[in-house]
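S.K.:
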Amino acid sequence: MFTKKLEAPMGITFDDVLLLPNESRVEPDKADVTSRVSRNVLLNLPLVSAAMDTVTETNMAIAMAREGGMGVIHRNMSKEKQVNEVHEVKIADELLVREVLTAAPDYSIKAVWNLMTEEEVGAVPIVDKKLVGIVSRRDILPIVESDPTKEVRDVMIKEVITAQEGISLEEALDKMYEHKVERLPVVDEKGHIEGMITMQNILQLRQYPMASRDENDHLLVAAAVGPFDIERAIALDKAGANVLMMDCAHAHNMNVVDAARMIKKNVNADVVVGNIATADAAKELVDFVDGIKVGVGPGSICITRLVAGVGVPQLTAIANVVDVASKHDIPVIADGGIRYSGDVAKAIAIGADVLMLGNLLAGTDEAPGRMVTIKGRRYKQYRGMGSLGAMSSGESTDRYLSKTKFVPEGVEGAIPYSGTVGEMIYQLVGGLRSAMGYIGAESIEEMHKKSRFIRITPSGYYEGHPHDVLITDETPNYQLDR
358 MFTKKLEAPM GITFDDVLLL PNESRVEPDK ADVTSRVSRN VLLNLPLVSA AMDTVTETNM
418 AIAMAREGGM GVIHRNMSKE KQVNEVHEVK IADELLVREV LTAAPDYSIK AVWNLMTEEE
478 VGAVPIVDKK LVGIVSRRDI LPIVESDPTK EVRDVMIKEV ITAQEGISLE EALDKMYEHK
538 VERLPVVDEK GHIEGMITMQ NILQLRQYPM ASRDENDHLL VAAAVGPFDI ERAIALDKAG
598 ANVLMMDCAH AHNMNVVDAA RMIKKNVNAD VVVGNIATAD AAKELVDFVD GIKVGVGPGS
658 ICITRLVAGV GVPQLTAIAN VVDVASKHDI PVIADGGIRY SGDVAKAIAI GADVLMLGNL
718 LAGTDEAPGR MVTIKGRRYK QYRGMGSLGA MSSGESTDRY LSKTKFVPEG VEGAIPYSGT
778 VGEMIYQLVG GLRSAMGYIG AESIEEMHKK SRFIRITPSG YYEGHPHDVL ITDETPNYQL
838 DR
C-alpha cells in the first residue's frame with residue numbers, strides 16, 4: 358500500500374519542455390493576444406499583476422489596465438484603503454471627471470490659488486448653485502500677490518464653453534479646437550455642473566488605445582479578498598471592482614470552498630478562486646466560479662514546497678486544472694513561476710488563459726516596493742505574502758489559514774530595478790507573439806489547440822541559454838540573475 362505511493366506520476370515545469378515549431382503563416386505582430394481572465398471579463402493581453410503588497414496598488418493597477426492587462430489590488434491593508442484604491446483606478450483616465458473642485462464667486466484670489474496648488478489642478482469652475490464662470494492659473498497668476506483679497510468673480514471667465522453629458526471624445530475635441538479651450542465643464546439642462554472634460558484626459562485616452570476598459574470606459578481592476586471576509590468582498594464590489602480574486606494558498610480546503618460560494622452569491626463582480634493545483638480541486642469549483650487560479654509553490658519568493666513538502670510543478674498543475682475547467686468554459690489563471698517570456702508562451706500553450714506576474718513586475722517603477730541600492734545597482738523590495746513580514750504587518754493572515762503564530766511560507770528579498778511596466782509588458786507580449794508565429798497560432802485559443810511540447814534534458818536546457826560567451830550587454834528580456 359505505502360510503497361505504491363512511490364509509483365508517483367512525473368510533474369513537469371517550464372524548464373523541462375520546449376514548444377515545437379509548426380508550419381505557419383502567422384506574422385507575430387498580427388497575432389491576437391486578447392483573452393478572458395474570468396467568465397465575463399476580457400483583457401486585451403493575457404497578463405495580470407499579482408495581489409502582493411510589493412507589486413500591486415493603484416499605480417500598478419492603472420498601468421496594467423492601460424497596457425491592456427489588469428492589476429489585482431492586494432488586501433494587506435484595511436478594507437477602507439483597498440476600496441479607495443479600487444475607486445482611484447476606476448476614475449483614472451475618465452473622459453468625464455465627476456469629482457471636480459469648485460469655488461464660489463466670493464472666494465478670494467488667494468483662496469482659489471491655494472486650492473489649485475493643494476489639489477494640483479489648473480482651473481476651477483465657479484459655482485453659485487449653477488455654473489457661473491471658470492478661472493485658471495493663467496487668469497490669476499498676475500494678481501495673486503498684488504491683489505490677493507480680490508474676489509474671483511472679478512477675474513473669472515463668465516462666458517463658459519460647456520458640454521452636455523454624453524458627448525463623445527471626438528465631439529469634445531472638436532469643440533475644444535473650435536473655441537480654443539483646454540477644458541469643457543459638463544452641465545445638465547439646468548446649468549448644474551456634472552463634471553469636467555480636459556484636453557489632458559483626452560490625450561491620456563488616446564495614448565493608451567489598447568487599455569482594458571469596462572462598458573462605461575473605466576479601466577478594469579480586480580481586487581483580492583480573503584475567503585472569510587464577505588464584508589470586504591461586498592464593499593469592493595460596490596466600489597466597482599470588475600473581478601474579485603479569492604486569495605488563499607489552499608483553495609481545496611472545503612471551508613474555503615463554502616465561503617467562496619457565499620461570496621459569489623452576494624456580489625455582482627466575477628469571482629475567481631485559487632489557488633489550486635489538481636483536477637479534484639477544480640471539480641469542487643467549476644459549478645459556481647468565474648475563473649480558477651493555479652499555483653501551489655511555484656513563485657520565486659514562495660517556500661511552501663520546502664516548508665510543507667506540498668505542491669505540483671506548474672505546467673502539470675495548469676494542465677490538471679485546464680482538463681476540468683475547459684469543459685465548463687471557465688478561464689484559468691496561471692499564478693507564479695514565470696521568469697521569461699517563453700514561460701508565458703508555455704503556460705498558455707498548456708491551457709492557461711491568463712498569467713499572473715509578481716517577480717517580473719516587482720522591479721518596475723509602478724510597484725510599491727521600496728527602492729534600495731546594493732553594490733551600486735538599484736533593486737526594489739519584493740516579498741511573498743507568506744513571508745513573516747507580510748503576514749505580521751497587514752490583514753491577509755488567513756491566506757495561509759493562520760491567525761496567530763506564523764510558520765512562514767515565503768521570503769523577503771529584492772528584485773533588480775527594471776524600468777516601467779510598459780517596457781516589461783512589451784517584452785513579455787513580444788515573446789508570446791513570437792511563439793505564436795513559430796507555432797502558427799493566430800489567437801490564444803489556437804495556441805491552446807496547435808501547440809506541441811518536447812521534453813528536454815538538462816543539457817538541452819543549458820543549450821538554450823547563452824553559452825561559451827562573456828555577455829557584455831544585457832538585453833531587456835534576458836537578465837543573468839533571473
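Remember, the working numbering sits 357 above the position in the sequence shown when you count from 1.
Idealized CB from N, CA, C, for every residue including glycine.
It should be emphasised that the depicted structure is a prediction, and the values quoted were computed from it without experimental measurement.
Please return the same chain residues whose Cβ sits closer than 6 angstroms to the Cβ of residue 372, not counting the five positions on each side in sequence.
M.R.: Looking up residue 372 in the sequence shown gives position 15. Correct list, in chain order: 818.
S.K.: Which of helix, strand or coil does DSSP assign to residue 722?
M.R.: Taking the first residue of the sequence shown as position 1, residue 722 is located at position 365. In the structure shown, residue 722 sits in coil (DSSP, three-state: anything other than H, G, I, E or B).
S.K.: Between residue 406 and residue 421, which are expected to be in contact by the criterion C-beta below 8 angstroms, what is the C-beta distance as a whole number of angstroms?
M.R.: In the sequence shown, the residue the question calls residue 406 occupies position 49. In the sequence shown, the residue the question calls residue 421 occupies position 64. With a Cβ gap of about 5 angstroms, residue 406 and residue 421 count as contacting.
S.K.: Quick test of the definition: if touching needs 3 or more C-beta pairs under 8 angstroms, does the segment 648-664 touch the segment 673-693?
M.R.: yes
S.K.: Please look up how many angstroms separate the CB atoms of residue 430 and residue 418, rounded, as I've assumed it's under 8 angstroms.
M.R.: Counted from its first residue, the sequence shown places residue 430 at position 73. Counted from its first residue, the sequence shown places residue 418 at position 61. 6 angstroms between Cβ atoms; contact.
S.K.: Could you spell out where the beta strand (DSSP E) holding residue 513 opens and where it closes?
M.R.: Residue mapping note: residue 513 aligns to position 156 of the sequence shown, counting from 1. Taken as a continuous stretch (DSSP letters only), residue 513 belongs to no beta strand (DSSP E), as it is neither H nor E.
S.K.: If you follow the alpha helix (DSSP H) that residue 730 is part of, which residue opens it and which one closes it?
M.R.: Position 373 of the sequence shown, counting from 1, holds the residue named residue 730. Residue 730 -> not in any alpha helix (DSSP H); beta strand (DSSP E) instead, spanning 728-731.
S.K.: Would you be able to state if there are at least three C-beta pairs under 8 angstroms between the segment 705-723 and the segment 770-778?
M.R.: yes
S.K.: Can you tell me the Cβ-Cβ gap for residue 559 and residue 536, rounded? I've got them flagged as a contact below 8 angstroms.
M.R.: Indexing the sequence shown from 1 puts residue 559 at position 202. Indexing the sequence shown from 1 puts residue 536 at position 179. Not a contact, Cβ separation roughly 14 angstroms.
S.K.: How long is the line joining the alpha carbons of residue 608 and residue 441, rounded to whole angstroms?
M.R.: Against the sequence shown, residue 608 aligns to sequence position 251. Against the sequence shown, residue 441 aligns to sequence position 84. One C-alpha to the other measures close to 27 angstroms.
S.K.: Which residues bound the beta strand (DSSP E) around residue 491?
M.R.: For the purposes of this step, residue 491 is identified with residue 134 of the sequence shown, where counting begins at 1. Where residue 491 is concerned, the enclosing beta strand (DSSP E) starts and stops at 487-493.
S.K.: Go ahead and label residue 601 buried or exposed: buried means 16 or more other beta carbons lie within 10 angstroms of its beta carbon, across all protein chains shown.
M.R.: Reading the sequence shown from its first residue, position 244 is the one you call residue 601. Label assigned to residue 601: buried.
S.K.: Whose C-beta lies closer than 7 angstroms to the C-beta of residue 415 among residues of the same chain, with five residues either side of it excluded?
M.R.: Here residue 415 is taken as the residue at index 58 of the sequence shown, counted from 1. Here the set comprises 442, 445, 446.
S.K.: Could you give the uninterrupted runs of the beta strand (DSSP E) lying entirely in the segment 605-685, keeping only those of 3 residues or more?
M.R.: Secondary structure remark: continuous beta strand (DSSP E) runs of at least 3 residues inside the segment 605-685, in chain order: 627-633, 648-651.
S.K.: Helix, strand or coil: how does DSSP classify residue 812 here?
M.R.: Walking along the sequence shown from the start, residue 812 turns up at place 455. Strand at residue 812.
S.K.: What residue range does the beta strand (DSSP E) around residue 369 cover?
M.R.: The residue given as residue 369 occupies position 12 in the sequence shown. Premise fails: residue 369 is in no beta strand (DSSP E) and is neither H nor E.
S.K.: Taking C-alpha atoms, which residue in 567, 491, 659 lies nearest to residue 764?
M.R.: Residue 764 sits at position 407 when you count from the first residue of the sequence shown. Checked all of 567, 491, 659; the closest Cα to residue 764 is 659.
S.K.: According to DSSP, residue 551 sits in a beta bridge with which residue or residues?
M.R.: Position 194 of the sequence shown, counted from the start, is the residue given in the question as residue 551. Answer by DSSP bridge pairing: none, since residue 551 is not bridged.
S.K.: Using 8 angstroms for Cβ pairs, my map puts residue 403 next to residue 801. What's the rounded Cβ distance?
M.R.: Working through the sequence shown from its first residue, we reach residue 403 at position 46. Working through the sequence shown from its first residue, we reach residue 801 at position 444. So it is a contact: roughly 6 angstroms between Cβ atoms.
S.K.: If you compare alpha carbons, which of 714, 635, 668, 387 is closest to residue 791?
M.R.: Stepping through the sequence shown from its first residue, residue 791 is reached at position 434. The shortest C-alpha separation from residue 791 is found at 387.
S.K.: Less than 8 angstroms between the C-beta atoms of residue 715 and residue 513, yes or no?
M.R.: Translated into positions along the sequence shown, residue 715 becomes position 358. Translated into positions along the sequence shown, residue 513 becomes position 156. Contact flag unset, no.
S.K.: Quick one: grab the DSSP three-state call for residue 737.
M.R.: Reading the sequence shown from its first residue, position 380 is the one you call residue 737. In this structure, residue 737 counts as strand in the three-state DSSP scheme.
S.K.: Return the Cβ separation of residue 542 and residue 794 in integer angstroms, given the expectation that the two are a contact with Cβ distance under 8 angstroms.
M.R.: Taking the first residue of the sequence shown as 1, we reach residue 542 at position 185. Taking the first residue of the sequence shown as 1, we reach residue 794 at position 437. Under the criterion of beta carbons closer than 8 angstroms, residue 542 and residue 794 do not qualify as touching, at roughly 49 angstroms.
S.K.: Do residue 411 and residue 740 have their beta-carbon atoms positioned less than 8 angstroms apart in this structure?
M.R.: Here the question's residue 740 lines up with position 383 in the sequence shown. Here the question's residue 411 lines up with position 54 in the sequence shown. Cβ atoms of residue 740 and residue 411: closer than 8 angstroms.
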